[in-house]
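From first to last, the protein sequence lines are chains A and B. First residue of the first sequence? That's 476 in this note's numbering, and the numbers climb one at a time after it. First residue of the second sequence? That's 188 in this note's numbering, and the numbers climb one at a time after it. All residues carry an ideal CB built from backbone N, CA and C; glycine is no exception. Quick caveat, the model's predicted, so the values are computed rather than measured.
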Amino acid sequence: MLGVNLRRPATGKPPSRSTSAFRRRVVVGVLVLLALVLITVSFRKPDSGPVASAQSSAATVLRPFTIAGERVAQPFRDVYAWADSLLTARSDAKKLRQENAMLRQQAIQNQFAANENDKLKALLAFRDGPRFPDDYKGLAAAVIARPIGSYAQDVVVAVGSNDGVALDAPVVTEDGFLGRVTRVYSHSARVTLLTDEQLAVSALDVKSGASGIVKHGRASASTLIFDRVPKKLKVSVGDTIVTAGWRSSRLASLYPRGIPIGRVTSVGQADTDLWKQVQVQPFADFDRVDAVLVLVRKSRQP
Amino acid sequence: MTVAQGARISLLVFVVAIMQVSAFSSISIAGAGPDLLLVTVVAVALLRGAVTGAVAGFAAGLIVDVTTLGTLGATSLLLTLAGFWAGRYGETTGRNRAHAPLVATLAATVFVEIGGYTLDALLGSPVGARSVMLALPSAIVWNALLAYPVFALVRRVGGTTERSDRAREVELLV
């Protein structure tokens, strides 16, 4: 028996586990190389070229599936939101009653101010930039996909260039400013949220007129900071921050003036700092975005 | 692997990828949510081997990149490597070990979170390392909770590798 080879019968096709090391390395090597090629081409030409059009077509084909997935998940999300809201219902109701009383007073004062403003503008033949919401129409769209990754701050919405969405279009929810369109395909668009570290928006304090830049906060993903506010300007806790919508000769802000962003929750300033340290609690809930309004500029009346 | 098993695994990966981008990605507690797709790819790799794991990871990543309009190939690269590694682990050290799904899932989670952060930084979308580090424990807990149920589901759907990969030839040297 010594030195005798005993052959076991083979049972069926060899599975992938038993493939040779060479074949295994070739397969993974090809896949990694393919992924790297795709990354390179997609990164260099994200909005044009054959890879972008293939991605656009594939996204259109997969769109019904993502919409179906979204609809399947929606009831569960609603149940969770309902249960979550029950926990805070009593305190929310009290807070909202107080806010309602305050806003009623404010609305009356604002109406007087708006009437006066209109008259003065008419007298001066004042030419203004685009304003929110009068000069824009909102395209309502469901959020159909979100990138994987704990730090990803983008969503994909179910409207695209065929619906009139353009690159850099501002996106809002019923609560306030959300972000801007950073990639557009025919039937879908990618929206980068304001909580993304690469997005910032010029903003101003409605009460004091102090201007600065609102961007991602460091404390948590859902807080924002109102940066670049000079120390000499006044910003108070509770002030409302809106988009500034500036215009300077040929340049203009991507966002119209007056979209609510959030409320100031803390103000501080250190002797060594150049600017105030202002934290803002956003009006929009970035963690629970189910539907958005993509703002499309109305054509100007002659 | 039979054609039927392959088809069932492909369908499972496709459905999970769609549900991940349209439903599970919106769940976030303590900075992170469950990555069902990664756990599924790891389970497929453990049960079906490194090559199947790598191919499943590549396909799943491609679906994610297409549906989220992201940089094509980025998620594919991460999931291909995670699937390949998990498959090799299942074929060698983790073979027939009860803790293999948990260990492979945890290692793949750490790899994908840090790998994704690195890739994003290389592609010019830097994210604060602090955000990633804060979210990592939550991601680990979420995926660890999913590891065994998903492993059982994938085994039920796709079966496991037959024991026919033992050495077919032995030489007695007594």
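- [ ] Starting from Leu-508 (chain A), trace the alpha helix (DSSP H) both ways and give me its first and last residue.
- [x] Position 33 of the first sequence, counting from 1, holds the residue named residue 508 (chain A). Per DSSP, Leu-508 (chain A) belongs to the alpha helix (DSSP H) from 496 to 519.
TODO: Starting from Gln-754 (chain A), find everything on chain B with Cβ-Cβ shorter than 7 angstroms and list it in chain order.
DONE: Stepping through the first sequence from its first residue, residue 754 (chain A) is reached at position 279. Going along chain B, no residue has its Cβ under 7 angstroms from Gln-754 (chain A), so there is no contact; the nearest lies around 17 angstroms.
Open item on the list: Within 8 angstroms of any Cβ in chain A, is that where the Cβ of Val-203 (chain B) sits?
Closed with: Position 16 of the second sequence holds residue 203 (chain B). Closer than 8 angstroms: no.
TODO: Using a Cβ-Cβ cut-off of less than 7 angstroms, give me the residues of the segment 667 to 692 of chain A that come near chain B, in sequence order.
DONE: Glu-672 and Gln-673
Open item on the list: Whole angstroms are fine: how far does the CA of Ala-230 (chain B) sit from the CA of Leu-749 (chain A)?
Closed with: For the purposes of this step, residue 749 (chain A) is taken as the residue at position 274 of the first sequence. For the purposes of this step, residue 230 (chain B) is taken as the residue at position 43 of the second sequence. About 53 angstroms.
TODO: Using alpha carbons as the reference points, say which of A:Lys-706, A:Lys-570, A:Pro-705 and A:Thr-740 lies closest to Ile-716 (chain A).
DONE: The residue you call residue 716 (chain A) lines up with position 241 of the first sequence. Taking only the C-alpha atoms, the option nearest Ile-716 (chain A) is A:Thr-740.
TODO: Locate the alpha helix (DSSP H) running through Gly-274 (chain B), then write down its first and last residues.
DONE: Reading the second sequence from its first residue, position 87 is the one you call residue 274 (chain B). 261 to 278 is the extent of the alpha helix (DSSP H) around Gly-274 (chain B).
Task: Chain-ordered residues of the segment 607 to 623 of chain A with a beta carbon less than 9 angstroms from chain B - done: Val-618, Ile-619, Ala-620, Arg-621, Pro-622 and Ile-623
Open item on the list: So the candidates are B:Val-319, B:Arg-284, B:Trp-272 and B:Glu-278; which of them puts its Cα closest to the Cα of Glu-300 (chain B)?
Closed with: The residue given as residue 300 (chain B) occupies position 113 in the second sequence. Closest by alpha carbon: B:Val-319.
Task: Inter-residue Cα distance where the pair is Leu-599 (chain A) and Gly-639 (chain A) - done: To locate residue 599 (chain A), count along the first sequence from 1; it is residue 124. To locate residue 639 (chain A), count along the first sequence from 1; it is residue 164. Looking at the two C-alpha atoms, the distance is approximately 35 angstroms.
Open item on the list: Suppose the cutoff is 7 angstroms on Cβ atoms and the five residues either side in sequence are ignored; what does the same chain contact list for Ala-334 (chain B) look like?
Closed with: Residue 334 (chain B) sits at position 147 when you count from the first residue of the second sequence. Around Ala-334 (chain B): Val-226, Pro-288, Leu-289 and Thr-292.
- [ ] Enumerate in chain order the residues of its own chain whose CB-to-CB distance from Lys-682 (chain A) is below 6 angstroms, with the five nearest sequence positions on each side excluded.
- [x] For the purposes of this step, residue 682 (chain A) is taken as the residue at position 207 of the first sequence. Cβ neighbours of Lys-682 (chain A) beyond the five flanking positions: Asp-714.
Open item on the list: Using DSSP's beta-bridge definition, name the partner residues of Ser-741 (chain A).
Closed with: Walking along the first sequence from the start, residue 741 (chain A) turns up at place 266. DSSP, once it has assigned bridges, lists A:Gln-754 as partnering Ser-741 (chain A).
Task: Residue environment, Asp-222 (chain B), which counts as buried when at least 16 other CB atoms sit within 10 Å - done: Residue mapping note: residue 222 (chain B) aligns to position 35 of the second sequence, counting from 1. Buried: at least 16 other Cβ atoms inside 10 Å.
Task: Start-to-end residues for the alpha helix (DSSP H) that takes in Leu-708 (chain A) - done: On the first sequence, residue 708 (chain A) is found 233 positions in, with the first residue counted as 1. Neither: Leu-708 (chain A) is in no alpha helix (DSSP H) and is coded neither H nor E.
TODO: Assign Tyr-611 (chain A) to buried or exposed, taking buried as 16 or more other Cβ atoms, counted over all protein chains shown, within 10 Å of its Cβ.
DONE: In the first sequence, the residue the question calls residue 611 (chain A) occupies position 136. With 16 or more Cβ atoms within 10 Å of its Cβ, Tyr-611 (chain A) is classed as buried.
- [ ] Classify Arg-763 (chain A) as helix, strand or coil using the three-state DSSP reduction.
- [x] By one-based count along the first sequence, residue 763 (chain A) stands at place 288. Here Arg-763 (chain A) sits in coil by DSSP.
Task: Counted within 10 angstroms of its Cβ, other Cβ atoms place Thr-189 (chain B) as buried (16 or more) or exposed - done: In the second sequence, the residue the question calls residue 189 (chain B) occupies position 2. It is exposed - the Cβ of Thr-189 (chain B) has fewer than 16 other Cβ atoms within 10 Å.
Task: Run of the beta strand (DSSP E) containing Thr-657 (chain A), from where it starts to where it stops - done: Locating residue 657 (chain A) in the first sequence gives position 182, where the first residue counts as 1. Segment 652 to 659, the beta strand (DSSP E) holding Thr-657 (chain A).
Open item on the list: Quick check: Gly-260 (chain B) and Leu-508 (chain A), are their CB atoms within less than 8 angstroms of each other?
Closed with: Mapped onto the second sequence, residue 260 (chain B) falls at position 73. Mapped onto the first sequence, residue 508 (chain A) falls at position 33. Taking 8 angstroms as the Cβ cut-off, Gly-260 (chain B) and Leu-508 (chain A) do not qualify as a contacting pair.
Open item on the list: Let me check one thing: in DSSP terms, what residues is Ala-664 (chain A) bridge-paired to?
Closed with: The sequence position of residue 664 (chain A) within the first sequence is 189, counting from 1. Its beta-bridge partners are A:Val-632 and A:Val-659.
Task: Simplified DSSP assignment, three categories, for Val-771 (chain A) - done: Position 296 of the first sequence holds residue 771 (chain A). Reduced to three states, the DSSP call for Val-771 (chain A) is strand.
TODO: Using three-state DSSP, classify Arg-621 (chain A) as helix, strand or coil.
DONE: Within the first sequence, residue 621 (chain A) is the residue found at index 146, counting from 1. The answer is coil: DSSP assigns Arg-621 (chain A) none of H, G, I, E or B.
Open item on the list: Contact criterion: CB-CB distance below 8 angstroms. Does Ser-197 (chain B) meet it with respect to chain A?
Closed with: Position 10 of the second sequence, counting from 1, holds the residue named residue 197 (chain B). For Ser-197 (chain B), the answer is no, since every Cβ of chain A falls outside 8 angstroms of its Cβ.
Open item on the list: At the level of alpha carbons, what is the spacing between Leu-234 (chain B) and Leu-266 (chain B)?
Closed with: The residue you call residue 234 (chain B) lines up with position 47 of the second sequence. The residue you call residue 266 (chain B) lines up with position 79 of the second sequence. Using only the alpha carbons, I get a separation of about 16 angstroms.
- [ ] Taking only the alpha-carbon atoms, compute the straight-line gap between Phe-540 (chain A) and Ala-633 (chain A) and give it to the nearest angstrom.
- [x] Locating residue 540 (chain A) in the first sequence gives position 65, counting from the first residue. Locating residue 633 (chain A) in the first sequence gives position 158, counting from the first residue. Distance between the alpha carbons of Phe-540 (chain A) and Ala-633 (chain A) is about 12 angstroms.
Open item on the list: Considering just the uninterrupted stretch of the beta strand (DSSP E) at Val-647 (chain A), what are its terminal residues?
Closed with: In the first sequence, the residue the question calls residue 647 (chain A) occupies position 172. Looking at the DSSP string, the run of the beta strand (DSSP E) that includes Val-647 (chain A) is 645 to 647.
Task: Where Ile-700 (chain A) meets chain E, residues with beta-carbon distance less than 7 angstroms - done: Note that chain E does not occur in the displayed structure, where the protein chains are A and B.
- [ ] Reducing DSSP to helix, strand and coil, say where Ala-246 (chain B) ends up.
- [x] Sequence index remark: in the second sequence, residue 246 (chain B) carries index 59 (1-based). DSSP places Ala-246 (chain B) in helix when its eight states are reduced to three.
Task: Inter-stretch contact (C-beta, 8 angstroms, three-pair minimum) for the segment 512 to 529 of chain A and the segment 272 to 285 of chain B - done: no
Task: Residues that Phe-518 (chain A) contacts on chain B, provided the C-beta gap is smaller than 7 angstroms - done: By 1-based counting over the first sequence, the position of residue 518 (chain A) is 43. Per Cβ cutoff of 7 angstroms: Thr-258 and Leu-310.
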